[in-house]
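To start, the structure itself, in structure tokens.
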Amino acid sequence: MKITIAYLPEEFREADLIHRFAQGLLDGAKVRKSDRHPPYKHIYLTAKKPETPCNSEENT
Numbered sequence: 001m002k003i004t005i006a007y008l009p010e011e012f013r014e015a016d017l018i019h020r021f022a023q024g025l026l027d028g029a030k031v032r033k034s035d036r037h038p039p040y041k042h043i044y045l046t047a048k049k050p051e052t053p054c055n056s057e058e059n060t
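Under my numbering, read the sequence shown as residues 1 to 60, first letter to last.
Right under this line is the structure:
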């Protein structure tokens, strides 16, 4: 799953709140921040699919 948050500098407080909330829901999510597209800033969150410990149908 990938989540992108694009915001203006004056919206930093709201963007940070959303970022922290989403990161709390997605354990182990990678976070990358960028300001390559002024005046917008971006926060990218990337989460992997949860790994299945075993395939129970194959083992039976």
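Even glycine gets a Cβ: it sits at the ideal position worked out from N, Cα and C.
This one's a predicted model, so the numbers in the text were calculated from it and none came from an experiment.
- Around the beta carbon of His19, 16 or more other beta carbons lie within 10 angstroms, which makes this residue buried.
- Counting the other Cβ atoms within 10 Å of the Cβ of Leu25 gives fewer than 16, which makes it exposed.
- Under the criterion of beta carbons closer than 8 Å, Gln23 and Leu8 do not qualify as touching, at roughly 21 Å.
- In the three-state reduction of the DSSP assignment, Asp27 falls in the coil class.
- Secondary structure at Leu45: strand, using DSSP grouped into helix, strand and coil.
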